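Colleague: If you want my numbering, it's the position in the sequence shown, counting the first as 1, plus 34.
By construction, the Cβ of each residue, glycine as well, lies at the ideal position given by its N, Cα and C atoms.
Remember, it's a predicted structure, so these values are computed and weren't measured experimentally.
Structure incoming, see below.
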Amino acid sequence: MKRNTWQREAVREALDDTEGFISAQALHSSLHSSGSPIGLATVYRALGDLASTGEADSLQSPDGEALYRACTTTGHHHHLICRNCGLTVEIAADEVETWAKRVAAEHGFTGAAHVVDVFGLCANCTKLAAV
Numbered sequence: 035m036k037r038n039t040w041q042r043e044a045v046r047e048a049l050d051d052t053e054g055f056i057s058a059q060a061l062h063s064s065l066h067s068s069g070s071p072i073g074l075a076t077v078y079r080a081l082g083d084l085a086s087t088g089e090a091d092s093l094q095s096p097d098g099e100a101l102y103r104a105c106t107t108t109g110h111h112h113h114l115i116c117r118n119c120g121l122t123v124e125i126a127a128d129e130v131e132t133w134a135k136r137v138a139a140e141h142g143f144t145g146a147a148h149v150v151d152v153f154g155l156c157a158n159c160t161k162l163a164a165v
C-alpha cells in the first residue's frame, strides 16, 4: 500500500476535477498554474500509482500519449471517447468480452486480457462540426 502523500492527494483531486482524459503534462501544467509546487516526475509517479490501484483509468491516445482520468467504475470496463472535446462515457461491452474469450480459446490462449476504447465524435461536437 502506497503512502497517501500530499502530492498524491493533489494529483488525485486535480484528476477528480478534470473531465475526460488528460495527459500527465497537462495535469502538471494545471497544478502548476494553480500554485502547486509539485514536480512533473511526481505527477507521473502519482498517476501511475493511481492507475495501478484502479483509482484512475489509463489509456494510450491515438497519438501514443498516456492519458488518465479519475475512475468512476470498479472492475473491467471500456470507454467511448470524443476525439475533439475528450468527453468520456464508460460502457459495458458484453459482445467484446464474449468475442475476446472465444478468439483467445480458438487459438489456444488462456488468461487473455484486452483493452477496448472507442474514439469518435460526441453528439455535441458532431453538431458543431456540421455548422
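Taking the alpha carbon of L81 as the reference point, which residue from A134, E131, C159 and S57 has its own alpha carbon closest?
Modeller: The residue you call residue 81 lines up with position 47 of the sequence shown. Ranking A134, E131, C159 and S57 by Cα distance to L81 puts S57 first.
Colleague: When you compare the CB positions of T39 and A104, do they come within less than 9 Å of one another, or not?
Modeller: Working through the sequence shown from its first residue, we reach residue 39 at position 5. Working through the sequence shown from its first residue, we reach residue 104 at position 70. No, Cβ-Cβ distance for T39 and A104 is not below 9 Å.
Colleague: Mark R136 as exposed unless 16 or more other C-beta atoms lie within 10 angstroms of its C-beta, in which case mark it buried.
Modeller: The sequence position of residue 136 within the sequence shown is 102, counting from 1. Flag for R136 reads exposed.
Colleague: CB-CB under 7 Å to E124, same chain, minus the five flanking residues each way: which ones, in chain order?
Modeller: If you number the sequence shown from 1, residue 124 lands on position 90. Hits under 7 Å: T106, T107, H111 and H113.
Colleague: Does the beta-carbon distance from L49 to L84 come in below 9 Å?
Modeller: Against the sequence shown, residue 49 aligns to sequence position 15. Against the sequence shown, residue 84 aligns to sequence position 50. Yes; because the gap between Cβ atoms is below 9 Å, this pair is in contact.
Colleague: Look at the alpha carbon of G54 and the alpha carbon of S63, and state the distance between them as a whole number of angstroms.
Modeller: Here residue 54 refers to the residue found at position 20 when the sequence shown is read from its first residue. Here residue 63 refers to the residue found at position 29 when the sequence shown is read from its first residue. Spanning the two alpha carbons is a distance of roughly 16 Å.
Colleague: Buried or exposed for V77, going by 16 or more other Cβ atoms inside 10 Å?
Modeller: Taking the first residue of the sequence shown as position 1, residue 77 is located at position 43. Buried, by the Cβ-count rule.
Colleague: Could you name the residues of the same chain whose beta carbon sits closer than 7 Å to that of A71, not counting the 5 residues immediately before and after it, in chain order?
Modeller: By 1-based counting over the sequence shown, the position of residue 71 is 37. Residue 71 is actually Pro in this sequence, not Ala. The answer is none, since no qualifying residue turns up.
Colleague: Return the CA-CA distance between R117 and G154, expressed in angstroms with no decimal places.
Modeller: Here the question's residue 117 lines up with position 83 in the sequence shown. Here the question's residue 154 lines up with position 120 in the sequence shown. When rounded, the distance between both Cα atoms is 6 Å.
Colleague: Short of 6 Å in beta carbon distance, which residues of its chain neighbour A146, apart from the five on each side in sequence? Order them along the chain.
Modeller: Taking the first residue of the sequence shown as 1, we reach residue 146 at position 112. Excluding positions up to five away in sequence, the list reads A138.
Colleague: Are the Cβ atoms of H148 and V130 separated by less than 9 Å?
Modeller: The residue labelled residue 148 in the question sits at position 114 within the sequence shown. The residue labelled residue 130 in the question sits at position 96 within the sequence shown. A contact, by the Cβ cut-off of 9 Å.
Colleague: In terms of residue numbering, what span does the beta strand (DSSP E) encompassing G154 cover?
Modeller: For the purposes of this step, residue 154 is identified with residue 120 of the sequence shown, where counting begins at 1. Counting along the chain, the beta strand (DSSP E) containing G154 begins and ends at D151 to G154.
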